[in-house]
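Residue numbers (this note's numbering): -7 to 143. Where is the CB? At the ideal position from N, CA and C, for every residue including glycine. Notes follow once the structure below has been shown.
Right under this line is the structure:
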């Protein structure tokens, strides 16, 4: 096995230029004039790509939103959204509230941390999810889908 093959994992990626979906191991090794090598898209020779492995976002009763692999979702968490790793974090950051103080830099469901009543928290979460889900399937979401509340 060559050094390049050992360094490349077999994850799903998408070219940033031509949007070709392929495995990272399918990227071709191209040596430039300076002698340095790069992995390039097999279709257009672009050197950059998105990691499109599936991920999920979940929230807790406190309103804290976290993201991770599909099989890493903890028990007791509420599923919020799913989508490609490269786009999920950015979509959540655009639609959620960024915490201050003790939750500095963390994503929160707007309105939930301030409430004390569990029913009011559920209603606030349902309202926010309905608002986020209105653009499910839109091209600008890049495959990120929010859960629609069913309660």
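- If you compare the alpha carbons of 111, 131, 117 with that of residue 56, the shortest gap goes to 117.
- The beta carbons of residue 21 and residue 27 sit no closer together than 8 Å.
- Counting only the Cα atoms, residue 87 lies some 7 Å from residue 124.
- Counting C-beta pairs with one atom in each stretch, the stretch 47 to 62 and the stretch 7 to 14 have fewer than three that are closer than 8 Å, which means they do not touch.
- Per DSSP, the continuous beta strand (DSSP E) segment holding residue 50 begins and ends at 46 to 51.
- Here DSSP, grouped into helix, strand and coil, assigns residue 101 to coil.
- Positions of the beta strand (DSSP E) runs, each at least 3 residues long and wholly inside the stretch 67 to 101, are given as 70 to 76 in order along the chain.
- Only residues of its own chain outside the window of five on either side were considered, and among them 15, 16, 17 have a CB closer than 7 Å to the CB of residue 2, listed in chain order.
- The criterion of a C-beta distance shorter than 8 Å is satisfied by residue 121 and residue 72.
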